[in-house]
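Per the working numbering, residue 634 is the first one in the sequence shown, and the count goes up by one each step. Think of the CB as a built atom: it goes at the ideal place given N, C-alpha and C, for glycine as much as any other residue. For reference, the structure is listed below as structure tokens.
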Amino acid sequence: MVSENVLGKPKKYQGFSIDVLDALANYLGFKYEIYVAPDHKYGSQQTDGTWNGLIGELVFK
634 MVSENVLGKP
644 KKYQGFSIDV
654 LDALANYLGF
664 KYEIYVAPDH
674 KYGSQQTDGT
684 WNGLIGELVF
694 K
């Protein structure tokens, strides 16, 4: 779940997955940032073989 952006603060994500991610980050000592692809899609292969969404963002970087 995503809380709305209030007074310029970053969006706050909450829920079981975030709790697990926070616990892992704390235990293993890493930091993370949640990234949402600009087109808000996970990714699917297009007819020309390219990908859109988050998968496309990963493939092109």
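Quick one: Cα of Asp681 to Cα of Tyr660, how far?
Here residue 681 is taken as the residue at index 48 of the sequence shown, counted from 1. Here residue 660 is taken as the residue at index 27 of the sequence shown, counted from 1. Near 43 Å, if we compare the C-alpha coordinates of Tyr660 and Asp681.
Ala656 and Tyr665 closer than 8 Å at C-beta:
Here the question's residue 656 lines up with position 23 in the sequence shown. Here the question's residue 665 lines up with position 32 in the sequence shown. No, Cβ-Cβ distance for Ala656 and Tyr665 is not below 8 Å.
Residues of its chain near Ile688, where Cβ-Cβ distance is below 6 Å and the 5 sequence neighbours each way are ignored
Here residue 688 refers to the residue found at position 55 of the sequence shown. Result list for Ile688: Gly676, in chain order.
Going by DSSP, what residue range makes up the alpha helix (DSSP H) through Ile688?
As a working mapping, residue 688 is identified with position 55 in the sequence shown. Note, Ile688: alpha helix (DSSP H), Gly686 to Val692.
Inter-residue Cα distance where the pair is Ile651 and Pro671
Within the sequence shown, the letter at position 18 stands for residue 651. Within the sequence shown, the letter at position 38 stands for residue 671. Those two C-alpha atoms are separated by around 21 Å.
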